[in-house]
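Residue numbers (UniProt numbering): 1 to 361. For every residue, glycine included, the Cβ atom is placed at its ideal position computed from N, Cα and C. Since the model is a prediction, treat every value here as computed from it, not as a measurement.
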Amino acid sequence: MPQQVRAVVAHAKGEPVSVETIVVPDPGPGEAVVAVQACGVCHTDLHYREGGINDEFPFLLGHEAAGVVEAVGDGVSEVAPGDYVVLNWRAVCGKCRACAKGKPWYCFATHNATQKMTLPSGQELSPALGIGAFAEKTLVHAGQCTKVNPAARPQAAGLLGCGVMAGLGAAINTGQIGRGESIAVIGCGGVGDAAIAGAALAGASTIIAVDVDPTKLEWAKGFGATHTVNARDTDPVEAIKDLTGGNGADVVVDAVGRPETFTQAFYARDLAGTAVLVGVPTPEMTVELPLIEIFGRGGATKSSWYGDCLPSRDFPALIELYLQGRLPLDKFVSEEIGLDAVEEAFHRMERGEVLRSVVVL
Numbered sequence: 001m002p003q004q005v006r007a008v009v010a011h012a013k014g015e016p017v018s019v020e021t022i023v024v025p026d027p028g029p030g031e032a033v034v035a036v037q038a039c040g041v042c043h044t045d046l047h048y049r050e051g052g053i054n055d056e057f058p059f060l061l062g063h064e065a066a067g068v069v070e071a072v073g074d075g076v077s078e079v080a081p082g083d084y085v086v087l088n089w090r091a092v093c094g095k096c097r098a099c100a101k102g103k104p105w106y107c108f109a110t111h112n113a114t115q116k117m118t119l120p121s122g123q124e125l126s127p128a129l130g131i132g133a134f135a136e137k138t139l140v141h142a143g144q145c146t147k148v149n150p151a152a153r154p155q156a157a158g159l160l161g162c163g164v165m166a167g168l169g170a171a172i173n174t175g176q177i178g179r180g181e182s183i184a185v186i187g188c189g190g191v192g193d194a195a196i197a198g199a200a201l202a203g204a205s206t207i208i209a210v211d212v213d214p215t216k217l218e219w220a221k222g223f224g225a226t227h228t229v230n231a232r233d234t235d236p237v238e239a240i241k242d243l244t245g246g247n248g249a250d251v252v253v254d255a256v257g258r259p260e261t262f263t264q265a266f267y268a269r270d271l272a273g274t275a276v277l278v279g280v281p282t283p284e285m286t287v288e289l290p291l292i293e294i295f296g297r298g299g300a301t302k303s304s305w306y307g308d309c310l311p312s313r314d315f316p317a318l319i320e321l322y323l324q325g326r327l328p329l330d331k332f333v334s335e336e337i338g339l340d341a342v343e344e345a346f347h348r349m350e351r352g353e354v355l356r357s358v359v360v361l
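What follows is the structure, given as structure tokens:
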């Protein structure tokens, strides 16, 4: 029967979130109910609260989560009650033209649970990224559940559900950084530091962190940055070239998503290098580049969707690297908090005081 649990709800644009009782229905065909153990506080959740995604209030926030499957609906075979899972927001369909081409990480028909969680009044909630995991329990499509090794701490494992995977994947999957190559990462928040950690994991020899905040540059060193550039004090394009023999980096990741940072990424890459946009711009932003420069520099400019990840492939492998001590997921966890501290965690995020606050349930 439907369950009532505590959860974080955003009712209106810009208003503080509140912890309320919500109703989680029994899972229907293809669905699963997950008991959430931990969920990271991501900037995307703040975008939802600020109306930056859409205006389908009220929102059930939270999406970087790990937990245990409690129940499944008819036709579910990929997970079973008791499975320890990381939730993902791109459950691939296996049938669209991208999946048919063998590129399911580009799936054009990802799906979520059909049923809606509600307030006790019956008002439907819009779950953030189809998940809604600032909650004791949540309803998702079974394809959004990826089984991983239960030895991994949920506070760390859940971070693969969004920001950390986006950054790691931007460097490894989209940028395809390789051993002995150079990479620059512009913006050293959670996504940027994950790109730095991914580059270190892949064996990059020169890893340049770029930011305007000295504290964030220090954090970047802890994830493997070999050099740092304070873009407030110096031209980052020239600094990156100076650190790469005058050539520019093989891969440059823009983890900010602004016209000026993308332009810097474009010009800071080597000839035939790759510029990767993983920071999310707002709809009104535009960028203008001389067409002759695009032609003459060769290489590639790419956008990275969720780090071009395939959760069923990437999550278990990355969890094993974490358990081996080769991927420092714990370093992303700045603090552990309860559901009632999410609003203040948003403010700490805005002030740049944390990489990730993690709600522990």
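Outcome for residue i when other beta-carbon atoms lying within 10 angstroms are tallied against a minimum of 16
i: Asn149; result: exposed
i: residue 363; result: Here the chain has residues from 1 to 361 only, and residue 363 is not among them.
i: Phe332; result: buried
i: Asp330; result: exposed
i: Asp74; result: exposed
i: Gln324; result: exposed
i: Asp254; result: buried
i: Asp242; result: exposed
i: Pro259; result: exposed
i: Leu271; result: exposed
i: Ser121; result: exposed
i: Lys95; result: exposed
i: Thr21; result: exposed
i: Asn173; result: buried
i: Gly169; result: buried
i: Ala100; result: exposed
i: Phe108; result: exposed
i: Arg232; result: exposed
i: Arg356; result: buried
Supposed close pair residue i, residue j - CB separation, criterion 8 angstroms
i: Ala12; j: Glu78; result: Wrong, their Cβ atoms sit about 37 angstroms apart, outside the cutoff.
i: Gly224; j: Ala197; result: 6 angstroms
i: Leu60; j: Pro127; result: 5 angstroms
i: Met165; j: Cys309; result: 5 angstroms
i: Val252; j: Lys137; result: Between Lys137 and Val252 the Cβ distance is about 41 angstroms, and since that is not below 8 angstroms, they are no contact.
i: Arg326; j: Leu201; result: 7 angstroms
i: Lys302; j: Val276; result: 5 angstroms
i: Cys162; j: Glu56; result: Not quite, the Cβ-Cβ distance comes to about 19 angstroms (not below 8 angstroms), so this is no contact.
i: Lys221; j: Gly189; result: About 15 angstroms separates the two Cβ atoms, so there is no contact after all.
i: Ala171; j: Ile177; result: 5 angstroms
i: residue 389; j: Val24; result: The displayed coordinates of the chain run from 1 to 361. Any statement about residue 389 would go beyond what the structure contains.
i: Lys147; j: Asp83; result: 5 angstroms
For residue i: DSSP bridge partner residues
i: Val191; result: BP columns for Val191 are empty, so no partner.
i: Thr21; result: Arg6
i: Thr228; result: Ala209
i: Ile177; result: According to DSSP, which records beta bridges pairwise, Ile177 is partnered with nothing at all.
i: Gly40; result: Glu64 and Val358
i: Ile172; result: DSSP, once it has assigned bridges, lists no residue as partnering Ile172.
i: Ile186; result: Val210 and Asp254
i: Phe59; result: Ala10 and Ser126
i: Glu335; result: Ser357
Which runs of the beta strand (DSSP E) fall wholly inside the region 237 to 322 and span at least 3 residues, in chain order?
249 to 254, 269 to 277 and 300 to 303
Are the region 288 to 299 and the region 258 to 270 in contact at 8 angstroms, needing three or more beta carbon pairs?
yes
On the three-pair Cβ rule with 8 angstroms, is the region 311 to 322 touching the region 284 to 295?
no
Would you call the region 24 to 32 and the region 110 to 126 touching, i.e. three or more CB-CB distances under 8 angstroms?
Yes, since at least three Cβ pairs between the region 24 to 32 and the region 110 to 126 fall closer than 8 angstroms, the two stretches touch.
Quick check: the region 153 to 167 against the region 207 to 221, are there 3 or more CB pairs under 8 angstroms?
no
Across the region 46 to 59 and the region 79 to 93, are there enough close Cβ pairs to call them in contact, namely three or more that are closer than 8 angstroms?
no
Mind listing, in chain order, the continuous alpha helix (DSSP H) runs of no fewer than 4 residues lying wholly within the region 62 to 150?
97 to 100
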